[in-house]
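Asker:
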Amino acid sequence: MTVINPCDYNQTKASTIAIAEHIGPVYLRFGRPKVPNFTDPNQKFEIGKAINFSEGNDVTIIATGHLVWEAKEAVNLLEKENISAELINIHTIKPLDNEAILKSVKKQGVLLQLKNICLMVDLVIVFHSC
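Residue numbers (my numbering): 5 to 134.
Have a look at this one:
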């Protein structure tokens with residue numbers, strides 16, 4: 005089962021198109037909070053591939069769904085404190101883009117995960133001893 009949790013209207017629209025082309029069952033999960041429409045309306049949605057919203061050197065922040073907007077705001081606040089944060093949008097919870105997460109965590113050494121229930125990232129990090 006594929007599980008997708010888009011972060012805004014544009015990503016929801018793009019993910020719906022990707023789901024229509026996907027073979028197999030898909031659960032499209034929506035958040036209830038209202039968030040701004042902040043992603044590129046022309047961005048291609050690739051199931052299973054995380055999107056890197058910002059490059060950073062001090063900390064990796066990963067988020068999914070409506071929490072990506074909160075994470076973007078956190079990146080801006082951290083920047084004012086001279087903390088460079090890399091933000092990764094985990095729009096596909098399953099299959100999880102382990103490679104993107106592990107690459108960033110190994111580079112930064114510090115991970116902040118915004119989630120509302122998904123424990124899959126925790127398991128990947130423990131399994132790979134990051």
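Backbone N, C-alpha and C define an ideal beta-carbon position, used for all residues, glycine too.
Using the C-alpha atoms, what's the distance from P29 back to A67?
Answerer: On the sequence shown, residue 67 is found 63 positions in, with the first residue counted as 1. On the sequence shown, residue 29 is found 25 positions in, with the first residue counted as 1. When rounded, the distance between both Cα atoms is 23 Å.
Asker: Run through the DSSP bridge pairs and tell me what T6 is partnered with.
Answerer: Here the question's residue 6 lines up with position 2 in the sequence shown. Paired residues: V30.
Asker: What is the rounded straight-line gap between the Cα of T96 and the Cα of T64?
Answerer: The residue you call residue 96 lines up with position 92 of the sequence shown. The residue you call residue 64 lines up with position 60 of the sequence shown. In a straight line, the C-alpha of T96 is about 17 Å away from that of T64.
Asker: Return the chain-ordered ranges of every beta strand (DSSP E) run that is complete within the segment 60–124 and spans a minimum of 3 residues.
Answerer: Runs found: 63–67, 89–93, 96–98, 115–118.
Asker: Provide the residue(s) that pair with F19 in DSSP beta bridges, ordered along the chain.
Answerer: Counting from 1 along the sequence shown, the entry for residue 19 is found at position 15. It should be pointed out that residue 19 corresponds to Ser in this sequence rather than to Phe. None; S19 has no bridge partner.
Asker: CA-CA distance, I8 and L32?
Answerer: Along the sequence shown, one-based indexing puts residue 8 at 4. Along the sequence shown, one-based indexing puts residue 32 at 28. Between I8 and L32, the C-alpha separation is close to 5 Å.
Asker: Determine the DSSP secondary structure at N14, reduced to helix, strand or coil.
Answerer: Taking the first residue of the sequence shown as 1, we reach residue 14 at position 10. Note: N14 maps to helix in three-state DSSP.
Asker: Under 8 Å by Cβ, that's how I've got Q112 and D44 pegged, so tell me the actual separation to the nearest angstrom.
Answerer: By one-based count along the sequence shown, residue 112 stands at place 108. By one-based count along the sequence shown, residue 44 stands at place 40. About 25 Å separates the two Cβ atoms, so there is no contact after all.
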